[in-house]
Amino acid sequence: MSSFATSNVVLFLVFSVSFIHFNAEARRLADQTEQPLLFQYHNGPLLTGKISVNLIWYGKFKPSQRAIVSDFINSVTSSKPAVAQPSVATWWKATEKYYQLSKNPSSLVLSLDSQILDENYSLGKSLTNQQIVQLASKGAQKNAINVVLTSADVVVEGFCSSRCGTHSSALGSSNGHIKGKSSKFAYIWVGNSETQCPGQCAWPFHQPIYGPQNQPLVAPNNDVGLDGMVINLASLLAGTVTNPFGNGYYQGPKEAPLEAASACPGIYGTGAYPGYAGDLPVDATTGASYNAHGVNGRKYLLPALFDPSTSTCSTLA
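When you line the sequence shown up against mature numbering (1 follows the signal peptide of the UniProt record, and there is no 0), it's residues -26 to -1, 1 to 291, in that order.
Quick look at the structure:
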């Protein structure tokens, strides 16, 4: 299990939208100034084969907002030659190195499948972790990643105070209640932080709560909340496929792991440092910062991924 956490103990992670288990991560990051970060493979399964990504939209989202996320998922495995480089697919290809280094290398193909709308807040506007699992269980549970996305007016247990999103796994069921002798399915939850905590979970598209108050970057899809959600979703998606059940690739304790993207918090382009996302391309028309092209002319800002073969954080820009 991995969750996105926040704190003000170490500035570096304040500027990251990853915020995964901050206190333990902060100590490890401090140690990394003296030695390289070494990932370990814990001999567990990675997600392989054909995996469907199901989106569960909880609360009010405009169709244009849903399109930002669905286009991102479609961009992950897009091979369309019309997509300019660097692309989302190029970014995602970096996860293949984890498979190549595992004992049983295999291929993974993600595809967007169903989208489930729960616009009437069937479980209310304040959700527990168990209710997130219940919502995630609405998606298909075989060979799937079910992604729960909560709208800006939904409060989730731990949201903002300790995390921006999380990924884990649960036993399959028909009604969201855990029961035995069912296969596990992976799930992700990401919240829209536009009004609740943009300084924590939507940086660098919003000024951070702490540290230098630099001008925030312009969001590539003109939606601070949704563009922030894409960053968190991208990080969690990389963590999900490479550490789906808590025994895949990670560094540090199992309860507070550093994973493929959370090992590189706040890094989006070369030259990144606390409070500065790095050198990034800027759209000449909109002034938006980005580092990846997607389908339908989309642009996205995606986090650096840890390269297990070089023990460095790899960026697209």
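Positions of the beta carbon are idealized from the N, C-alpha and C atoms, including for glycine.
The way I'd put it, the stretch 128 to 143 does touch the stretch 203 to 218; three or more beta-carbon pairs between them come closer than 8 Å. Looking from the CA of alanine 68, the closest CA among Thr284, Thr286, Ser285, Leu279 belongs to Leu279.
Comparing alpha carbon positions, the residue from Phe219, Thr51, Glu168 closest to alanine 126 is Glu168.
Distances from the alpha-carbon of glutamine 170 to those of Ile162, Pro182, Val83 put Pro182 closest.
For threonine 284, the number of other beta carbons within 10 angstroms of its own is below 16, and it is reported as exposed. Residue state for phenylalanine 280 is assigned as strand, using DSSP reduced to three classes. Secondary structure of threonine 286 (DSSP, three-state): strand. Taking C-beta atoms as the reference points, phenylalanine 219 and serine 143 count as a pair closer than 8 Å. Here leucine 29 is buried. Its C-beta has 16 or more other C-beta atoms within 10 Å. In this structure, the beta-carbon distance from glutamine 225 to phenylalanine 35 does not fall below 8 Å.
When only Cα atoms are considered, valine 198 and serine 236 end up about 20 Å apart.
Shortest Cα-Cα distance from glutamine 104 to any of Glu131, Leu82, Leu91 involves Glu131.
When Lys158, Lys273, Phe179 are compared, the shortest CA-CA separation from valine 57 is found for Lys273. Inter-residue distance for alanine 160 and tyrosine 32 is about 18 Å (C-alpha atoms, whole angstroms). With distances taken between CA atoms, aspartate 92 lies nearest to Gln108 out of Gln108, Ser53, Cys287. Glycine 243 is positioned such that its CB atom lies no closer than 8 Å to that of aspartate 257.
For threonine 140, the enclosing beta strand (DSSP E) has its first and last residue at 139 to 145. Bounds of the beta strand (DSSP E) holding aspartate 92 are 82 to 92. With contacts defined as CB atoms closer than 8 Å, valine 62 and glycine 213 fail to qualify as a contacting pair. Looking at the DSSP output, isoleucine 162 sits in a beta bridge with Val121, His141.
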